[in-house]
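> In my numbering, the protein residues as written are 1 to 485.
By construction, the Cβ of each residue, glycine as well, lies at the ideal position given by its N, Cα and C atoms.
Everything numeric in this text was worked out from a predicted model, so none of it was measured.
Got a structure for you, written out below as structure tokens; questions coming shortly.
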């Protein structure tokens, strides 16, 4: 397959798009700088390569993002030295060499990739002039060239076109920031120079085997701008999270394929997970879980390319069912949770053989027969209800991706002395206990703490009464406010 070099017309168009996007970000900065909030604009120029691509290709990108510092919306945020969440749009362009072999069966290669994702940045090193951040994110990527090609929509169904050209994205990397000024609130303090490296993994994770996979690693150089630095942020002392055992139940589902010959046929899969988790700090918890998996793809069908499971000859219900138990490690950031889980099969009616039906070796067959891994992301809508998405793999060999809903009993451990379920109530009718965060002595912002993380109303009333009796306490001394720096 032949690919011509990029013409000058396309290069000039790319430059115009980059200039237009930069001007747009600048206009938005001027508009939002008038508002009473603190946020940050960022722009990074990236260069790297695609692990799944040709040897001589190069990938370039320009990322535009808005970052919102978490000034202690919940108590766990204090321990992170004020992290931030961001929302980014990143167009990638890959320059292929003049002649490359097709990467996938139908020979289609995407030069353009547009990614949009949310990310979390944790400053594990933080000084007035320098910050080193761990960056983790997830979102979606699309291949616009193939997505908007009319022939694709005429030849196949809409779900096949979408699942081939809109794929899941995971991001991880290190981000380093150097402020140009030292004094907070000065003009130079609003500007930062940024550099670091990223890894972007883009894949349908088995939903459509004809989808193009990309693993892009890059290095970048960029700038950060904070248009508004007033009012000066102050924080209260952090309150440690209580170590109370939580109980969670999750139901997820999706579709998947094993071979490109599956075409437009998708096999449904479901799983149920029960988990007991114990927080060990404000940002980390450990847990035990049990899983029940059902995947209709193991139906005994003979496949021409992926022959790994051709030894399954009959379409039986027991071949589609598996059960496992394991250990979970959860990192909690505000309402988000990122889970790294490892499980072991306790019921699996079949074993992957050492060789397939043609005598070719099956890689990683011993570990697949023994264990599995899950990468899980959650977002808690309330204290009890949350959405969940997960990718199941056997080391680097992914099986499927599923999405669903979960229900949590966060204070389950405190109910064990009596019937643990007798106090279950409608989660949408809970009473809020608002706690004030003061900024420069003004009522500027409120947040809603979790009811099981904070003292009871009786304790708060007694504490307030004792404060009222004390004399000579004013302003920040009475509220326990401390300086950010």
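Can you give, in chain order, each stretch of the beta strand (DSSP E) that sits fully within the segment 195-272 and has at least 3 residues?
Qualifying beta strand (DSSP E) stretches, in chain order: 214-225, 234-236 and 246-256.
> Residue range of the beta strand (DSSP E) that residue 133 falls in?
Unbroken beta strand (DSSP E) run through residue 133: 130-142.
> If we ignore side chains and look at the alpha-carbon of each, how far apart do residue 255 and residue 371 end up?
Rounded to whole angstroms, residue 255 to residue 371 spans 22 angstroms at the Cα level.
> At which residues does the beta strand (DSSP E) containing residue 127 begin and terminate?
That residue, residue 127, is in no beta strand (DSSP E); it is neither H nor E in DSSP.
> Over what stretch of residues does the alpha helix (DSSP H) that includes residue 366 continue unbroken?
365-370 is the extent of the alpha helix (DSSP H) around residue 366.
> Taking its Cβ as the centre, do 16 or more other Cβ atoms sit within 10 Å of residue 361, making it buried, or is it exposed?
Exposed, since its Cβ has fewer than 16 Cβ neighbours within 10 Å.
> Should residue 457 be labelled buried (16 or more other beta-carbon atoms within 10 Å of its own) or exposed?
Any reading at residue 457 must be qualified, since the residue scores a pLDDT of 48, below 50, and its modelled position is unreliable; the value itself is stated next. The residue in question, residue 457, is exposed, as its Cβ has fewer than 16 Cβ neighbours within 10 Å.
> In this structure, how does DSSP classify residue 301 when only helix, strand and coil are distinguished?
Looking at residue 301 - three-state DSSP - the assignment turns out to be coil, as it is neither helix nor strand.
> Should the segment 291-304 be regarded as contacting the segment 168-186, the criterion being three or more beta carbon pairs within less than 8 angstroms?
Contact fails: fewer than three Cβ-Cβ distances are below 8 angstroms.
> So, at 6 angstroms on beta carbons, what are the nonlocal neighbours of residue 48 in its own chain, with the 5 sequence-adjacent residues on each side left out?
Once the five neighbours on either side are set aside, the close Cβ partners of residue 48 are 59, 216, 217 and 218.
> Buried or exposed for residue 129, please, with buried defined as at least 16 other CB atoms from any protein chain shown within 10 angstroms of its CB.
Classification for residue 129: exposed.
> Alpha carbon to alpha carbon, how far is residue 273 from residue 51?
Between residue 273 and residue 51, the C-alpha separation is close to 33 angstroms.
> Mapping DSSP to helix, strand and coil, what is residue 281?
If DSSP states are grouped into helix, strand and coil, residue 281 belongs with coil.
> What separation, rounded to the nearest whole angstrom, lies between the Cα atoms of residue 393 and residue 404?
Rounded to whole angstroms, residue 393 to residue 404 spans 18 angstroms at the Cα level.
> For residue 513, which residues in the same chain have their Cβ closer than 6 angstroms to its Cβ, ignoring the five residues on either side in sequence?
In the structure displayed, the chain extends from 1 to 485; residue 513 sits before or after that span and is not available.
> My output table needs one value for residue 296: the three-state DSSP class, helix, strand or coil.
If DSSP states are grouped into helix, strand and coil, residue 296 belongs with coil.
> Please tell me whether residue 324 and residue 347 are closer than 9 angstroms, where the distance is taken between their beta carbons.
A contact, by the Cβ cut-off of 9 angstroms.
> Per the DSSP calculation, residue 342 is bridged to which residue(s)?
Residue 342 is bridged to 327 and 373.
> Candidates 92, 125 and 133: which alpha carbon is nearest residue 116's?
For the residues 92, 125 and 133, the minimum Cα distance to residue 116 belongs to 92.
> Find the nearest neighbour of residue 281 within the set 332, 118 and 181, judged by alpha-carbon distance.
Answer by Cα proximity: 332.
> Would you identify the three-state DSSP class for residue 164, choosing helix, strand or coil?
Three-state DSSP puts residue 164 in a helix.
> Could you tell me how far apart the beta carbons of residue 260 and residue 414 are, in whole angstroms, since I believe they sit closer than 8 angstroms?
52 angstroms between Cβ atoms; not a contact.
> Based on the DSSP secondary-structure assignment, which residues constitute the bridge partners of residue 44?
For residue 44, which the question treats as bridged, DSSP gives the partners 63 and 222.
> Measuring CA to CA, which of 409, 251 and 402 is closest to residue 384?
Residue 409 is the option with its Cα nearest to residue 384.
> Taking 9 angstroms as the threshold (C-beta atoms), are residue 165 and residue 198 in contact?
Cβ distance not < 9 angstroms, so residue 198 and residue 165 don't count as in contact.
> Under the three-state reduction of DSSP, which class applies to residue 413: helix, strand or coil?
Correct three-state label for residue 413: helix.
> Verify whether the separation of the beta carbon atoms of residue 45 and residue 222 is less than 9 angstroms.
Taking 9 angstroms as the Cβ cut-off, residue 45 and residue 222 qualify as a contacting pair.
> Would DSSP call residue 158 helix, strand or coil?
Correct three-state label for residue 158: helix.
> Around the Cβ of residue 40, are there at least 16 other Cβ atoms within 10 angstroms (buried) or fewer (exposed)?
Buried: at least 16 other Cβ atoms inside 10 Å.
> Report back the beta-carbon spacing between residue 400 and residue 206 to the nearest angstrom; my notes put them in contact at under 8 angstroms.
Going by Cβ atoms, the distance from residue 400 to residue 206 rounds to 5 angstroms, so yes, they are a contact pair.
> Write down the C-beta distance between residue 204 and residue 168 rounded to the nearest angstrom, noting that I regard them as a contact closer than 8 angstroms.
With a Cβ gap of about 7 angstroms, residue 204 and residue 168 count as contacting.
> For the beta strand (DSSP E) that contains residue 308, what are its first and last residues?
Unbroken run through residue 308: none, as it is neither H nor E.
> Taking only the alpha-carbon atoms, compute the straight-line gap between residue 390 and residue 397 and give it to the nearest angstrom.
Near 14 angstroms, if we compare the C-alpha coordinates of residue 397 and residue 390.
> What separation, rounded to the nearest whole angstrom, lies between the Cα atoms of residue 118 and residue 194?
Their backbone Cα atoms lie some 18 angstroms apart in a straight line.
> Considering just the uninterrupted stretch of the beta strand (DSSP E) at residue 385, what are its terminal residues?
First-last of the beta strand (DSSP E) with residue 385: 385-394.
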